[in-house]
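S.K.: Numbering (the numbering used here), first residue to last: 45 to 961.
Using N, Cα and C, we set each Cβ at its ideal position, and we do this for glycine too.
Since this is a predicted model, take the numbers as computed values, not measurements.
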């Protein structure tokens with residue numbers, strides 16, 4: 045099942061190849077008949093923009109022209125997006141915050157609602173793509189949250205974030221619907237060519253990585269036929285270093301410390317210790333390839349067709365090096381915590397944390413993990429429009445998309461030294477940089493015993509098939525009726541394979557023992573983060589893998605399907621909608637808007653593995669539900685250039701994919717032991733939403749706005765967690781024993797349930813102004829500022845269904861802001877941006893007894909960009925990302941904030957050149 049260094053050629057579709065050939069036909073260079081200017085003006089998003097100021101102006105035009113509350117980001121020029129990463133561009137919008145993975149934007153949250161509550165459409169069609177990650181960041185994404193790091197921003201020309209609902213926009217979002225648009229040939233006048241190249245340098249990785257992009261487009265036959273092809277390729281090496289605690293467990297957990305311990309206070313149930321304190325080293329290498337292609341055909345003035353295709357692939361490898369004490373998270377059956385003697389310690393009276401401890405009989409482990417994964421996204425859609433008259437037209441679209449995530453190699457080799465005396469850790473200084481003494485020389489390669497060879501493989505697939513047909517009927521000069529039908533089939537599948545043999549089994553080395561030869565051990569350590577210790581040894585992954593031929597798939601290295609992680613969800617959504625658009629005057633006040641209703645019926649089929657009479661049995665659960673979703677959006681221009689908007693709607697979001705699986709999933713990863721259950725009968729999350737905003741467009745590319753929003757979340761889905769012995773689950777003891785652990789060991793039990801929900805409210809303020817009123821060069825400056833406040837209280841439940849904590853939604857930052865200062869001159873342009881989000885919760889309730897929540901410390905990222913035009917065709921650029929080297933910090937306990945994970949990825953610089961024909 046596993047292979048290493050699996051390189052695949054990027055497929056070039058017949059469509060892309062045909063377009064590429066057509067674009068280079070010599071006659072295209074001789075064409076001097078440009079597409080009519082009126083064509084380019086029919087849509088706001090088809091005007092070629094240059095510079096950051098022009099990008100803001102186009103985005104403001106889009107915002108002003110919509111009936112609902114929207115925000116937009118538009119490319120600065122052909123193939124030139126303001127940021128290198130889509131998520132990092134979206135965070136400039138009020139109410140949007142992001143989470144990062146390996147130093148790069150990955151997911152977005154909108155108005156306090158996490159990634160699962162945001163729907164993403166590419167060229168008008170819903171899509172979902174997912175990637176893999178470290179265990180600290182949740183591992184492989186099996187949720188509805190969209191991973192934006194699959195795509196290069198160079199492939200897109202526009203992004204719109206729709207914060208209010210309307211009948212003509214598909215259901216499924218509580219936070220926002222994000223529309224991503226790629227370029228089409230009719231966006232440009234005749235032949236267009238643009239290309240760019242950059243070299244990036246990572247300060248921590250000390251590696252230089254290339255990034256290239258190109259776009260070529262042309263039109264023929266007096267603008268009736270057009271073709272476009274764009275391409276983007278990038279490489280990135282990221283070094284991530286930091287520390288981790290593995291959570292904080294009570295002194296009584298896993299059987300408690302040895303009762304003969306001199307420092308007996310550590311054995312108490314209200315004293316907490318790190319489960320496996322360690323320093324972390326992770327090296328991420330990724331390659332990203334993207335291709336878009338488009339054909340447009342306009343046989344008559346009343347008929348137009350468009351064929352859009354997209355391909356994106358991200359290839360990644362990751363290496364992780366750790367050294368830790370594993371006794372604190374192991375039970376007596378594994379010779380763990382009950383054998384460990386606490387000789388001395390310090391307990392923080394404010395938190396109950398054992399911040400300092402000195403121990404004997406501690407098991408020390410060194411790990412080397414290696415991952416290979418890739419995600420391939422493909423989408424193709426055909427759309428058309430036909431005007432039967434000036435008053436009536438129809439639009440149609442059919443399309444399909446697929447996202448295939450393949451993680452064929454997820455392997456960890458571990459070696460141990462058991463019952464070490466003199467081990468100590470000390471968190472009394474900098475809690476993110478503990479001082480750890482392993483009781484041994486951590487750089488000594490002698491005497492390590494091979495303990496575990498963990499091997500796994502994962503696949504996740506998400507597919508959409510969509511067909512829709514709608515009409516647009518201008519009944520009178522001030523009223524238009526729209527409606528349509530839509531059919532959407534969605535499928536999700538997840539599969540996993542693991543070693544058939546026990547992870548703790550491996551043949552002896554040549555000397556007949558499991559003692560790792562010195563020449564199969566390598567040095568590891570920190571290069572940018574100060575650690576104590578900062579250097580240690582780990583197994584040489586490649587040497588041991590080659591010695592045992594662990595990827596042969598034979599004998600003790602054979603793989604078997606892991607039933608508990610084999611699951612799928614299929615949804616058939618059938619819907620219809622009707623919406624009226626009006627424009628009139630209330631006295632002297634222009635008044636417009638829309639009102640409508642959307643009906644959708646969902647057929648859901650969930651498949652998983654359930655344990656029936658001790659036997660793993662496939663189980664499929666089917667159900668249906670329907671929603672009627674009215675919406676209203678009103679706009680009044682109460683004074684020249686001063687708009688007041690009001691929006692109201694009923695909305696729904698389908699439950700998370702992992703929550704819908706029948707049966708349970710059992711997993712063991714080092715000291716992490718989990719039993720995760722599903723609930724295919726979960727109801728959707730439903731809410732009523734209200735928005736009121738005022739927008740003042742006081743000059744070109746300038747605006748000031750203030751918006752209030754309120755969401756009455758009627759129902760919610762949360763995951764309850766508790767720690768208890770495996771043998772209380774009702775599952776066979778053999779399941780736990782197959783992982784090499786005891787049925788009496790503590791596991792984390794998780795199950796999703798519907799909860800009452802709660803209110804969410806907040807405000808957004810947005811100010812954009814070029815300083816054109818200033819004299820001379822000062823007039824080239826401008827500023828973009830926004831601030832968001834969000835407040836919510838959700839009632840969380842315990843595993844028994846009793847009320848637990850009433851606190852914020854997970855992923856909600858109460859305060860967030862963005863600030864950009866830009867300069868746009870004739871030759872020189874530059875900007876510096878700062879983006880901030882407040883602390884937020886990542887889990888409620890906490891896993892371990894004695895704690896309420898898990899949380900993440902807020903961050904402020906600073907980026908800068910400089911550009912200089914050598915000519916109308918050639919431009920140089922210099923960019924800096926994460927200039928303050930902002931760390932990621934997570935913690936447990938709202939008041940104690942004991943450390944969970946800390947990491948840094950360093951600054952990144954890019955030097956580039958861009959050419960436009």
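(1) Specify whether the stretch 529–538 and the stretch 611–626 touch according to this definition: at least 3 beta carbon pairs, one from each stretch, less than 8 Å apart.
(2) Using DSSP bridges, identify the partner residues of residue 835.
(3) For a quick check, are the C-beta atoms of residue 511 and residue 211 less than 8 Å apart?
(4) I'd like to know whether the C-beta atoms of residue 633 and residue 680 end up nearer to each other than 8 Å.
(5) Determine the DSSP secondary structure at residue 727, reduced to helix, strand or coil.
(6) Applying the criterion that 16 or more other CB atoms from any shown protein chain within 10 Å of the CB defines a buried residue, is residue 567 buried or exposed?
(7) At a cut of 8 Å, does the stretch 839–859 reach the stretch 868–878 through at least three beta carbon pairs?
(8) Can you give the beta carbon distance from residue 892 to residue 293, rounded, assuming they're within the 8 Å contact cut?
(9) Count the other CB atoms, across all protein chains shown, that sit within 10 Å of the CB of residue 538; report buried if there are 16 or more and exposed otherwise.
(10) Quick check: the Cα distance between residue 162 and residue 544, rounded to an integer number of angstroms?
(11) Alpha carbon to alpha carbon, what distance is there between residue 798 and residue 666?
(12) For a test of the three-state rule: what should DSSP assign to residue 265, helix, strand or coil?
(13) When we look at the beta-carbon of residue 682 and count the other beta-carbons within 10 Å, is it buried (16 or more) or exposed?
(14) Residue 523: buried (16+ other C-beta within 10 angstroms of its C-beta) or exposed?
(15) Alpha carbon to alpha carbon, what distance is there between residue 425 and residue 803?
(16) Going by other Cβ atoms of all chains shown within 10 Å of its Cβ, with 16 needed for buried, is residue 562 buried or exposed?
(17) What ranges does the alpha helix (DSSP H) occupy inside the stretch 877–958, keeping only unbroken runs of at least 4 residues that lie completely in it?
(18) Applying the 10 Å Cβ sphere with the 16-neighbour rule, what's the burial state of residue 472?
(19) Taking all protein chains shown into account, do 16 or more other C-beta atoms lie within 10 angstroms of the C-beta of residue 742, making it buried, or fewer, making it exposed?
(20) Curious, which full-length alpha helix (DSSP H) runs of at least 4 residues does the stretch 91–127 contain?
(21) Exposed or buried, residue 172, counting other C-beta atoms within 10 Å across all chains shown (16 or more means buried)?
(22) Going by Cα to Cα distance, which pick from 560, 105, 102, 939 is closest to residue 409?
(23) By a C-beta neighbour count over all protein chains shown, 10 Å radius and 16 as the cutoff for buried, is residue 554 buried or exposed?
(24) In terms of residues, what are the limits of the beta strand (DSSP E) holding residue 868?
(25) Measure how close the beta-carbons of residue 258 and residue 239 come, nearest whole angstrom, since I'm counting them as under 8 Å.
(26) What residues match up with residue 490 in a beta bridge as DSSP calls it?
(27) Can you give me the C-alpha to C-alpha distance between residue 789 and residue 769, rounded to a whole angstrom?
(28) Kindly indicate the opening and closing residues of the beta strand (DSSP E) around residue 790.
(29) Going by beta-carbon coordinates alone, are residue 877 and residue 890 separated by less than 8 Å?
(30) So who's on the other strand from residue 229, going by DSSP bridges?
(31) I believe residue 114 touches residue 205 by the beta-carbon criterion, under 8 Å. Please report the beta-carbon distance rounded to the nearest angstrom.
(32) Residue 411 and residue 458: beta carbons closer than 8 Å?
(33) Using DSSP with H/G/I as helix, E/B as strand and the rest coil, what is residue 170?
(34) Can you name the start and end residues of the alpha helix (DSSP H) that residue 779 belongs to?
(35) State the start and end residues of the unbroken beta strand (DSSP E) segment that holds residue 675.
(36) So, is residue 74 buried or exposed, given that buried needs 16 or more other C-beta atoms within 10 angstroms?
M.R.: Considering the structure as presented:
(1) yes
(2) 805
(3) no
(4) yes
(5) coil
(6) exposed
(7) no
(8) 6 Å
(9) buried
(10) 39 Å
(11) 18 Å
(12) coil
(13) exposed
(14) exposed
(15) 39 Å
(16) exposed
(17) none
(18) exposed
(19) exposed
(20) 95–109
(21) buried
(22) 560
(23) exposed
(24) 859–868
(25) 4 Å
(26) Paired residues: none, contrary to the question.
(27) 5 Å
(28) 790–799
(29) no
(30) Answer is none; residue 229 lacks a bridge partner.
(31) 6 Å
(32) yes
(33) strand
(34) 777–781
(35) 659–683
(36) At residue 74, the pLDDT of 32 sits below 50, so the modelled position is not reliable; the number obtained from the coordinates is stated separately. Burial call: exposed.
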